[in-house]
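Protein chains in written order, with our numbering: chain A, 1 to 237; chain B, 1001 to 1237. From the three backbone atoms N, C-alpha and C, an ideal C-beta is built for every residue, glycine too.
There are 2 protein chains.
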Amino acid sequence: MPVLRRDSARELEAAARRHPPSVRAIHAQLRHEIVTLRLRPATRLSENELALRFGTSRAPVREALIRLADEGFIDIQPQRGSFVSRISLGAMRRARFVREAIEISVVRQAASQGLSAPLLLQLETSLADQVRALEDPEHFTLADDAFHRTLVEGIGIAQLWSVLEREKSQFDRVRFLSLPHTTPAAVLIDQHRAILSAIIGRDPAAAESAMRVHMSEVLKITQTLLDRYPDLMSNDD
Amino acid sequence: MPVLRRDSARELEAAARRHPPSVRAIHAQLRHEIVTLRLRPATRLSENELALRFGTSRAPVREALIRLADEGFIDIQPQRGSFVSRISLGAMRRARFVREAIEISVVRQAASQGLSAPLLLQLETSLADQVRALEDPEHFTLADDAFHRTLVEGIGIAQLWSVLEREKSQFDRVRFLSLPHTTPAAVLIDQHRAILSAIIGRDPAAAESAMRVHMSEVLKITQTLLDRYPDLMSNDD
DNA sequence: AAGGGGCTGCTTGTCGACTAGTTGACTTGT
DNA sequence: ACAAGTCAACTAGTCGACAAGCAGCCCCTT
């Protein structure tokens, strides 16, 4: 796994400063459990129980829950309870659209104005890392993320990745589910390579279409999942 | 101003259900005062004072402040105080990039797959509304927003507009500042018309370039503002 | 026996008091 | 007069108790 880049470290610091440690810890823990489906959709989350479990009062728990609700991971129903939200098909469609729109813009700009040598090197390194992770889905997922993150941050717009991360979070639950049915890593690596080549070759149109192909990969998995895990999904449109 | 569309009304309801009325009211009020610069950057916001002012305890105030902090309107410095954030140049760059990426994708899709007759009619109506508001900047701003919103919501991806709205919020403060120096409404209307024509003519490439021109308009204002109101801006990159 | 109304136990929402940490003014020593 | 250290007055963070509201159970009435 690549080392944290300097500005991303600063981001984390800034985020830590915004919320006290206990709130952050509770939020991170619950988020992790939700994304990894240890907490399944529709599970009830009682503020009292959680406060007991984390050894705090309800106040920090409540703040963490509010943040999770804002991120779409739980639904707070006043005077009734808080529940882990279902994986929303609508949210996935939106996430895909946003991701495609932004990442296409990114690679077009990268291809038209070029990337610095260190960045290109970092992308090559990430590719090599992906090859090494060919047989280890979890490791590959991390390397995959790192590649896209490097690309997006490479064009030098602060916090742009965090916009995608916000959308992506809904995906992460799905990705966890779909590890068994996912597109072979080798195919994804070839697509990454095509994107990188187009950037190096300074060909925006090629970069765009390569990214478009890559993004359509994600869509294929969605339908499979909807059929296979209907109780975890909500079909709200 | 056009009537609220059904799904946007549902959005509001859902949001209202997520947060109790008092929190919502405080959040909305403070947000409004920040966007309209009645509360200027670097102003101190004390939880105690606000609780007094709104006639509640600190708890609802605190929740509202947390949301404002997540939206980037205030900085909470633990044990020190909460302050209205400066208008971040970085955030504006990011907002512009995200907006351009998404709206271009939207109009391309709209042009390639076409829009329903009622939607086209609604867009025409919005254009007419803009013409009527030619001399009234505030009204024009609303009509302008309505046009873009109709476009974005038109391609039928739930909550997509709210992603833009989240980014746009930083812009709104700027837009309020820039009312005097803004591009003439007539020019913007012409650009809107060009976008709509390209969609009706089912010409994605034309729609994209028309939108690109339109988006670059926003950029022009930025530099002027940075020169004119340096104390309100932060140059963090 | 069936249906309706109240009660009980839960939930989140709100409150005021207390804790911990920071800042700057003021005091106290030199 | 000046500098260093102390203290008082803020801040946000946490806590436990209470209020308001919903839902289902149980009992009472018909």
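- Straight-line spacing of the CA atoms in B:L1196 and B:Q1122 works out to 11 Å.
- DSSP places A:R86 outside both helix and strand once states are collapsed to three, so it counts as coil.
- According to DSSP, residue pairing for B:Q1109 in a beta bridge does not occur.
- When secondary structure is reduced to three states using DSSP, A:G201 falls in the coil class, being assigned neither helix nor strand.
- Put simply, of A:S216, A:A194, A:A51 the residue whose alpha carbon is nearest the alpha carbon of A:A206 is A:A194.
- Interface criterion not met: the Cβ of A:I195 is under 8 Å from no Cβ in chain B.
- For A:R44, the secondary structure class from DSSP, reduced to helix, strand or coil, is strand.
- When the five nearest sequence neighbours on each side are left out, the beta carbons in the same chain lying within less than 6 Å of the beta carbon of B:S1234 are those of R1086, S1088, in order along the chain.
- Taking the Cα positions, B:A1110 is about 43 Å away from B:T1043.
- Its Cα nearest to that of A:R149, the residue A:L164 stands out among A:H139, A:F140, A:E138, A:L164.
- With a cut-off of 8 Å on Cβ pairs, the region 210 to 227 of chain A is not in contact with the region 125 to 135 of chain A, counting fewer than three such pairs.
- DSSP places B:I1076 in the uninterrupted beta strand (DSSP E) bounded by 1074 to 1077.
- When secondary structure is reduced to three states using DSSP, A:G154 falls in the helix class.
- With contacts defined by Cβ atoms closer than 8 Å, A:A158 and A:A143 do not form a contacting pair.
- Apart from the 5 residues on each side of it in sequence, A:P137 sits with its Cβ closer than 8 Å to the Cβ of L179, T182, A185 in its chain, given in chain order.
- In this structure B:R1094 is buried. Its beta-carbon is surrounded by 16 or more other beta-carbon atoms within 10 angstroms.
- Taking the CA atoms as reference points, A:I74 sits about 13 Å from A:R173.
- Against chain A, the CB of B:Q1159 has a partner CB under 8 Å away; the residue lies at that interface.
- Contact annotation, A:E71 with A:S162: C-beta distance approximately 12 Å; criterion of less than 8 Å not satisfied.
- In this structure, B:A1059 lies away from B:L1030, with their beta-carbon atoms at least 8 Å apart.
- Within chain B, the residues placing a beta-carbon under 9 Å from that of A:E63 are R1062, E1063, I1066, ordered along the chain.
- Inclusion of A:H27 and A:R62 in the CB contact set at 8 Å is not warranted, their separation being larger than that value.
- Beta-carbon to beta-carbon, B:I1189 and B:Q1130 are separated by about 5 Å, close enough to satisfy the 8 Å threshold.
- Separation of the CB atoms of A:V107 and A:L151 is rounded to 7 Å, and the pair is thereby assigned contact status at 8 Å.
- Listed in chain order, the non-local C-beta contacts of A:T36 below 7 Å within the same chain comprise F176, local neighbours out to five positions each way being set aside.
- In this chain, the alpha helix (DSSP H) harbouring B:S1169 covers 1160 to 1178.
- Counted as a single uninterrupted DSSP element, the alpha helix (DSSP H) harbouring A:P21 occupies residues 21 to 35.
- At a Cβ-Cβ threshold of 8 Å, B:R1202 and B:G1114 count as neighbours.
- When C-alpha distances from B:P1204 are compared across B:E1049, B:T1056, B:F1171, B:S1112, the shortest belongs to B:S1112.
- For B:I1155, same chain residues with a beta-carbon under 7 Å away, outside a window of 5 residues either side, are V1106, Q1109, A1110 in chain order.
- A distance below 8 Å between beta-carbons, with the five flanking residues on each side excluded, links A:E103 to the following residues of its chain, in chain order: H148, L151, V152, L164, M211, M215.
- Counting along the chain, the unbroken alpha helix (DSSP H) around B:E1124 starts and ends at 1117 to 1132.
- Going by DSSP, B:R1067 is part of the alpha helix (DSSP H) stretching over 1058 to 1070.
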